[in-house]
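I have placed the structure first, in the form of structure tokens, so that the comments after it can refer back to it.
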Amino acid sequence: METARADALVELNALLGRGTRYAGKLYFEGRMRIEGTFSGEIRGDDVLVIGEGADVEADIEVGVCIVTGGTVRGSLRARDAIELHAPAVVAGDLHAPNVFIDRGAQFEGNCTMAPLDQATSPTAASAAADERVADPLPPSDLEPIEREPREQD
1311 METARADALV ELNALLGRGT RYAGKLYFEG RMRIEGTFSG EIRGDDVLVI
1361 GEGADVEADI EVGVCIVTGG TVRGSLRARD AIELHAPAVV AGDLHAPNVF
1411 IDRGAQFEGN CTMAPLDQAT SPTAASAAAD ERVADPLPPS DLEPIEREPR
1461 EQD
């Protein structure tokens, strides 16, 4: 994971630096780094790095999301991976096939380790469970278990 983190810090296409504030929708290509304040929605196919000092409240969907510090509130969805490195503070839901949480990083929320195309909503999970309960095996397929009487001591 260190290689991905180091690569993400080297080549940047865009930077929202310290002291900068932005609210709205952000779409990017390449590598994006946030060190300022952002609120809204972030979309991209590549790498998003949220650095120390950042304050982000957003619905995020990217290729890779690396949080190296700062505070993030909202959902983080990544097609490849999410990395939380100390001293990151994240409150929200994570969804990615690969998730790494460093010792010292703080995370509060739900974590789903699966491809993004898999349904993860509580409603979908509940409906699937209800369907399994609603369709039990037919009685003819069940065979009674015969047990021999146990001896009492």
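Read left to right, the sequence shown gives residues 1311 to 1463 (the working numbering).
Beta carbons: idealized from backbone N, C-alpha and C, even for Gly.
Since the model is a prediction, treat every value here as computed from it, not as a measurement.
Judged by their CB atoms, Glu-1345 and Ala-1364 are nearer to each other than the 8 Å cut-off.
By the neighbour-count criterion, in which a residue is buried when 16 or more other Cβ atoms sit within 10 angstroms of its Cβ, Ala-1333 is exposed. Ranking Met-1423, Ile-1392, Arg-1343 and Ala-1398 by CA distance to the CA of Gly-1379 puts Ala-1398 first. Burial state of Thr-1347 is buried, judged by a 10 Å Cβ sphere holding 16 or more other Cβ atoms. For Ala-1424, there is no enclosing beta strand (DSSP E), as DSSP gives it neither H nor E. Within the model, the alpha-carbon separation for Ser-1385 versus Cys-1375 is close to 11 Å. Burial check for Glu-1371: the Cβ neighbour count within 10 Å reaches 16 or more, so the residue is buried. Around the beta carbon of Arg-1328, fewer than 16 other beta carbons sit within 10 angstroms, so the residue counts as exposed. For Leu-1386, the enclosing beta strand (DSSP E) covers residues 1386–1394.
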